[in-house]
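For the protein sequence lines, the chains are A and B, in the order given. Under my numbering, the first residue of the first sequence carries the number 1, and numbering increases by one thereafter. Under my numbering, the first residue of the second sequence carries the number 1001, and numbering increases by one thereafter. Just so it is clear, CB atoms sit at the ideal spot from N, CA and C, and this is done for glycine as well. To start, the structure under review is shown below, and the notes come after it.
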Amino acid sequence: MARPGSRWLRPEAILKKNDNKGERFKEFLAEAEDILNSMGKGLLKLGKGVKAGVIDPNVLNSVFRSAHTLKGISGIFEFRDMTVLSHSLEDTLDMLRLGRLSLTKEVLGCIMNAHELLVRMTASKGQEDLSKEVRNIQEQLEKSRTARKQSISGQINKEVLSVLTEYEEHRLRENLKDNRNVYIITVKFPLTSFDKGYASLTGRLKEKAELVATLPSSRTGNDLIFFDMLIATTHDKESILEFIGGSAESEIRVLSEGSDKPPAVPEKPEAAAPAQAKETLRRTSNTVRVNIRKLDGIMNNISDLGLIRSSIGKLGMEMRSRKEFSVYALELSRIERLFERKVSELRDGLLDVRMVPIGQLFGRFDTFINKLSLETGKEVAMKTHGEETQLDKLIVEDIADPIMHIVRNMVDHAIEEPDLRQMLGKPRSGSISLSAYQKGNHVVIEVKDDGAGINPDAIKAKAVEKGLIAPEYAEGMSRQEALELIFLPGFSTKDSVSETSGRGVGMDVVKENITRISGVIDIETAEGKGTSFFLTIPITLAIIQALIVEESGRRYAIPLNSIVEIIELHPGLDGLVDQDMIFLNERAIPSVRLAWFFGYGTAGRGASYGVIAGLAEHRVCVLVEKLVSEQDVVIKPLSRLVNAQGIAGATDLGEEGTILVLDVTGILETVIRERKSLLKA
Amino acid sequence: MDEGKKEITAPEQAFQNSLAPTEKDYEESLEREKDEETIQIISFYLGRVEFAFELTSAVEILKERKVTEVPRTPEHIKGILSVRGEMIPVFDLKKRLGIDEPSQGQGRIFITVFDDLKIGFLVDRMGSVKDIPVSGFAPEGDGKFSLFSKGRIVYENGVGAPMLDVAKLVNIPEAGER
């Protein structure tokens, strides 16, 4: 019987073909995101510039280039909406940079709307139909282009003008308007090396002047090439000549010298702006953009190396017990230790690669808060601290949305209107501050507002009203417990339409997202003064030290980070160990037998150890039969389809199989919740 | 080829046909002109009933192996399996569909993908990859598995198989639902 090759099961080969196109589109989306990111930063700078009355041409140029590039690459992938919109945006930006249109607040507003729509397009991966919104923004942009700019007639030599491009002419006029000195420097270079000399000169000149145009000079000489460089500067002729020095043997002519009126100074262009460098395709940054899944793959290999090392170690131990092998055993041990050190260094290096400063995330909130501020009509300013604090890239992405929801809720509900704030003696502008600092193996992120604060009694009342808790129960609640009610599902469904209605997200979702990455969220508030949310999250989930325990024939891993203490249970401790509680250091800690928590029987075997674990102020005692070992494990998240309480993920221990990693806070919360509901019943 | 064989029922015939193709089938399939657009499916068996998934959802097939149990999860979730470092949930498909037939021998874990999620389904036996012309699909209607299927495939010999929908099997809520 023939076995037809292609007819049989080879799905992977078929899948690979379709995947390449998908891969390239994903790369395109990542690139688009980057471009839009830097465009966003540029727009913010322009916004400040509009307020100050001075626009930095470098920033405008770079925003223009971003739109242009976006138009190009979206065209390749036939992403029509994006191409059309970025084209329209490019037209407006072109007019701006050529001086044919002034950048007013209205025009900038249009541009920002276009930018936001582009961001939305990229986020929805081209699957949302936004053609109506695109037409809308296109119309806005067209309208904005009709506002013409008054041109300034200048006293410029017609000859010079005739050789300049429109852009160069615009720059020349701008500089004249700003009262700068405009000079023509004639420089000469040896023919064979003029490119290097020219590049070096322009590089240095950038510090002192703007290079408006470079024109070939009519002068000639033996093996020499001459250029006329048109520059605008605040410095005077002599200092420029001196600055250029002997590098070019130049001559300087004055085109226009500014009067005593001080020239307008644009914001210092960032050193990173390569606008006037020589044309090149080489990028200046020496970073590599890597798909984080590749790093995961490498991490897997490293953890496999770790398992191999421990096999070597075991072999060494066995050999040591036989006299004839003891010499070799010693050598093997030495090699194993060396191996371990190298694997450790490799692992640390990789973890380091995955780390990014949290400032990367904080930076995104600038535009967001601006937008919220405009939407709600409230004035809000943002402050950040601790931007250098480093976190695993994946964790940074995981906390982006929760922080966004918190900030949104703050602007929507906590921060008062400017008039009200003034009446209360607060500054008209509310402030939201994002700070981050490292605390051991965790990072604490504080999101703080100076708004109205949260009233625990109002929270209790609302929870009772919504039927989430029984009234009698509400009576006995502590202040902290009352505040935590906002994390109950169903707490914050809108009962009135607000300006940002429909997009508010409950705090229960926020909490769930934080717990999913083994973090905790705490609240502190002072009525009338403000509220702080503290997110305590692990620095990296990639690899952690864990304690392996055994219970009802199964093994589990408990992250060492979250273990406070381990106690050995023996008859003498009876007074301290209750059915459900353990009393330690005058503190009652809820305790639970792990087998019972998971619904397994214990086959009559007693618990010998109590693992006291917790994060921040929360504690739980998990009772287990045996302690097995301590080792480094790479935690893998469980699929989001598997929603298991008390479980943070799983880890592959090679030959020993896959075991579950416990989520200590999850266990604590479930235990408390279940016991409370028993009380209620 | 099979002249003189006693009459056997259609499902059994399909069962036998799928066990291995013959030379004739192979040559016929090569000659068959593909005028019509076809969709590729991959079929498998739960007990003696045949089912299928779209080939684009299929990732790989593994021999049945030990799956790490996850407590406090629904009964049809057998647990999780570590595949090249990735934790993939494994569903017992017979339990999920309510099929109560005993397994015979070693099963297979059929790993599928939906969006960015990978899901493994424990099945009894694999079938084959087939090209089904678009006209060969019919809506499942009130069939027993309509809740979980994208439609029903009807083979040329009249026998059919429900084409299961991974998303429905794992009950992924619609985006925006909360």
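8 angstroms Cβ cut-off: residues of chain B touching residue i
i: A/S639; result: I1080, M1087, I1088, P1089, L1117, K1118, I1119
i: A/A644; result: V1070, P1071, R1072, T1073
i: A/N300; result: R1084, G1085
i: A/K636; result: S1082, G1085, E1086, M1087
Alpha-carbon to alpha-carbon, residue j and residue i
i: A/L201; j: A/N179; result: 24 angstroms
i: A/E499; j: A/P402; result: Below a pLDDT of 50, predicted positions are generally treated as unreliable, and A/E499, at 40, falls in that range; the measurement from the model is reported next regardless. Those two C-alpha atoms are separated by around 20 angstroms.
i: A/R555; j: A/I415; result: 49 angstroms
i: A/A650; j: B/M1087; result: 7 angstroms
i: B/G1120; j: B/G1098; result: 17 angstroms
i: A/I517; j: A/R347; result: 21 angstroms
i: A/K683; j: A/G313; result: Since the first and last residues shown for chain A are 1 and 681, residue 683 of chain A lies out of range.
i: A/K460; j: A/K45; result: 45 angstroms
i: A/I667; j: A/V620; result: 8 angstroms
i: A/S218; j: A/I231; result: 18 angstroms
i: A/D522; j: A/F533; result: 6 angstroms
i: A/L70; j: A/F25; result: 14 angstroms
i: A/E242; j: A/K196; result: 20 angstroms
i: B/F1114; j: B/I1039; result: 17 angstroms
i: A/I537; j: A/V592; result: 24 angstroms
i: B/D1124; j: B/F1053; result: 15 angstroms
i: A/K626; j: A/I563; result: 16 angstroms
i: A/W596; j: A/T540; result: 30 angstroms
i: A/S344; j: A/D352; result: 12 angstroms
i: A/L488; j: B/I1077; result: 27 angstroms
i: A/F491; j: A/V464; result: 10 angstroms
i: A/L117; j: A/F368; result: 14 angstroms
Extent of the continuous alpha helix (DSSP H) run through residue i
i: A/T684; result: Only positions 1 to 681 of chain A appear in the structure, and residue 684 of chain A is not among them; the question remains open.
i: A/V63; result: 57-76
i: A/F362; result: 359-376
i: A/T122; result: 105-123
i: A/Q140; result: 131-145
i: A/K636; result: No alpha helix (DSSP H) contains A/K636, which DSSP labels as neither H nor E.
i: A/D401; result: 393-409
i: A/E600; result: In the sequence on display, residue 600 of chain A carries Tyr and not Glu. Counting along the chain, A/Y600 falls outside any alpha helix (DSSP H), and DSSP gives it neither H nor E.
i: A/Y473; result: 471-475
i: A/H170; result: 166-177
i: B/L1079; result: The sequence given here has Gly at residue 1079 of chain B, not Leu. Unbroken run through B/G1079 is the beta strand (DSSP E), 1077-1083; no alpha helix (DSSP H).
Amino acids of chain B, ordered along the chain, whose beta-carbon sits closer than 7 angstroms to that of residue i
i: A/D652; result: S1082, G1085
i: A/I514; result: Those do not exist, as A/I514 stays about 17 angstroms from chain B at its closest Cβ, beyond 7 angstroms.
Within chain B, partners of residue i - CB distance below 9 angstroms
i: A/L307; result: By Cβ distance, chain B contributes nothing, its closest Cβ being about 12 angstroms from A/L307, past 9 angstroms.
i: A/Y473; result: Simply none; closest approach about 25 angstroms.
i: A/K125; result: Under the 9 angstroms cutoff, chain B gives no residues; its nearest Cβ is about 11 angstroms from A/K125.
i: A/G657; result: K1066, T1068, S1082
i: A/L350; result: Ordered by position in chain B, no residue passes the 9 angstroms Cβ test against A/L350, which lies about 14 angstroms from the chain.
i: A/I699; result: Any question about residue 699 of chain A goes unanswered here, given that chain A covers just 1 to 681.
i: A/L660; result: T1068, E1069, V1070, P1071, I1080
Residue range of the beta strand (DSSP E) that includes residue i
i: A/N181; result: 181-190
i: A/S532; result: 530-538
i: B/M1087; result: 1086-1092
i: B/G1127; result: 1125-1133
i: B/F1145; result: No beta strand (DSSP E) holds B/F1145; DSSP gives it neither H nor E.
i: B/K1063; result: 1058-1063
i: B/T1038; result: 1038-1046
i: A/D228; result: 224-233
i: A/K448; result: 442-449
Interface residues of chain A facing residue i [CB-CB closer than 7 angstroms]
i: B/I1132; result: Ordered by position in chain A, no residue passes the 7 angstroms Cβ test against B/I1132, which lies about 13 angstroms from the chain.
i: B/T1077; result: Before going further, note that residue 1077 of chain B is Ile rather than Thr in the sequence given. Per Cβ cutoff of 7 angstroms: V642.
Within-8 angstroms CB hit, residue i to chain E
i: A/D129; result: No chain E is part of this structure, whose protein chains are labelled A and B.
Within chain A, partners of residue i - CB distance below 8 angstroms
i: B/V1170; result: L641
**OP:** Would you be able to state if there are at least three C-beta pairs under 8 angstroms between the stretch 75-82 of chain A and the stretch 34-54 of chain A?
**Re:** no
**OP:** Closer than 9 angstroms, Cβ to Cβ, to anything on chain B: give me those residues from the stretch 599-613 of chain A, in chain order.
**Re:** G599, Y600
Original post:
Three or more beta-carbon pairs under 8 angstroms between the stretch 1108-1120 of chain B and the stretch 325-337 of chain A, yes or no?
Top reply: no
Original post:
Which residues, in order along the stretch 579-594 of chain A, keep a beta-carbon less than 7 angstroms from a beta-carbon of chain B?
Top reply: none
Original post:
Would the stretch 635-650 of chain A and the stretch 1068-1088 of chain B be scored as touching if the rule is three or more Cβ pairs under 8 angstroms?
Top reply: yes
Original post:
Is the stretch 382-397 of chain A touching the stretch 434-448 of chain A, taking contact as three or more C-beta pairs under 8 angstroms?
Top reply: yes
Original post:
With contact counted as at least three CB pairs below 8 angstroms, one residue from each stretch, are the stretch 34-42 of chain A and the stretch 300-318 of chain A in contact?
Top reply: no
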